[in-house]
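Protein chains in written order, with this note's numbering: chain A, 1 to 127; chain B, 1001 to 1127. Here's the structure, in structure tokens; my notes come after.
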DNA sequence: ACATTCTAGCGAAACCTTTCGCCACTCCTC
DNA sequence: GAGGAGTGGCGAAAGGTTTCGCTAGAATGT
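Below, the structure written as structure tokens:
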């Protein structure tokens, strides 16, 4: 345990994380392709962001491979859980249930999705 | 419609909004008390932040009153909905239901709360 | 009226994130 | 092995947020 959980990712960092989650371990080039498509950034910028993220411990890289290969060092689930609790703390004063209600009531859902939520509720109740 | 919805509030701005939502319209002094308790900021900082927020349209103020009275110009609900959809877009790739499932499965809830969610689900299904 | 406290505003600094230019190095290809 | 493309690194600039010192005016108490 040398490292506390890294700071919450910034905007662009999150974009890059998403790309890496989707693509899996990748060289800068591939990450950049996506990022550029999204927002027209320069290659240098992508390299720099990845190196910043490396310092922060948000990604790791394999330097053996000729084009270095980057991969995330935090899971999508962990990150989203973290951001979710941040949001809950910051806006909903800690009440996750308020957030759930708010989220549900502001979206459309198929019957299947609703059933899935019900199933989870039942499961929670049993415990 | 002179104004598009204001930019999403930054960290400190959000802290201040929360204070104002909680206290209702207040003079700087009261806002500052809370903010200082939270993070030990200087009075000048609070004044400045409020004036920045005024420019951005996040708050309004009554300049008649001797100590100026500030109040939010966006509702808590609107803000949270906005931040929620931001989060959903950024991390859950647009799937609100994924977020709901994630949020539910990472929290504890009373039977009453679970029932409330169920009620909402039923209601959604009927429409 | 004077001193003291409260309130407001401004500009500059400090700080962080994001961007990019420039340079160097490797790796092909001819 | 010379030229060109791809890759990586660094420092500095740009842009945004947050902080605060300093100043001044308004309000209050003596």
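Using N, Cα and C, we set each Cβ at its ideal position, and we do this for glycine too.
Item, Value
"Taking the straight line between their C-alpha atoms, what separation do you get for residue 1008 (chain B) and residue 1080 (chain B)?", "10 Å"
"Could you tell me whether any Cβ in chain B is nearer than 8 Å to the Cβ of residue 83 (chain A)?", "yes"
"Would you mind reading off the limits of the beta strand (DSSP E) that contains residue 1092 (chain B)?", "Run containing residue 1092 (chain B): none; DSSP gives neither H nor E here."
"Hey, could you find the ends of the beta strand (DSSP E) residue 1072 (chain B) is sitting in?", "1069-1072"
"DSSP three-state call for residue 1026 (chain B): helix, strand or coil?", "strand"
"Answer with buried or exposed for residue 103 (chain A), where buried requires no fewer than 16 other C-beta atoms within 10 angstroms of its C-beta.", "buried"
"According to DSSP, simplified to helix, strand and coil, what is residue 108 (chain A)?", "coil"
"What does residue 111 (chain A) reach in chain B if we use C-beta pairs closer than 7 Å?", "1125"
"Using a threshold of 8 Å, state whether the C-beta atoms of residue 1015 (chain B) and residue 1035 (chain B) are closer than that.", "yes"
"From the DSSP secondary-structure annotation, give me the bridge partner or partners of residue 119 (chain A).", "DSSP lists no partner for residue 119 (chain A)."
"For a contact meaning CB atoms closer than 7 Å, what does residue 65 (chain A) contact in chain B?", "Correct list: empty, because the minimum Cβ distance to chain B is about 28 Å."
"8 Å is my cut-off, CB to CB: does residue 1053 (chain B) come that close to chain A?", "no"
"Tell whether a beta-carbon distance below 8 Å holds between residue 52 (chain A) and residue 70 (chain A).", "no"
"So the alpha helix (DSSP H) residue 75 (chain A) belongs to, where does it begin and stop?", "Unbroken run through residue 75 (chain A): none, as it is neither H nor E."
"Going by C-alpha to C-alpha distance, which of B:1024, B:1065, B:1106 sits closest to residue 82 (chain A)?", "B:1106"
"Using only CA atoms, which one of B:1090, B:1115, B:1117 lies nearest to residue 21 (chain A)?", "B:1090"
"Whether or not the region 1035-1051 of chain B and the region 1107-1114 of chain B are in contact is what I'm after, with contact meaning three or more pairs of Cβ atoms, one per stretch, closer than 8 Å; do they touch?", "no"
"Taking residue 118 (chain A) and residue 1118 (chain B) to be in contact with their CB atoms under 8 Å, please state how far apart those CB atoms are, rounded to whole angstroms.", "7 Å"
"With the cut-off set at 8 Å, would you say residue 1100 (chain B) and residue 88 (chain A) are in Cβ contact?", "no"
"Anyone know if the C-beta pair for residue 124 (chain A) and residue 1114 (chain B) falls short of 8 Å?", "yes"
"Starting from residue 1116 (chain B), find everything on chain A with Cβ-Cβ shorter than 9 Å and list it in chain order.", "97, 101"
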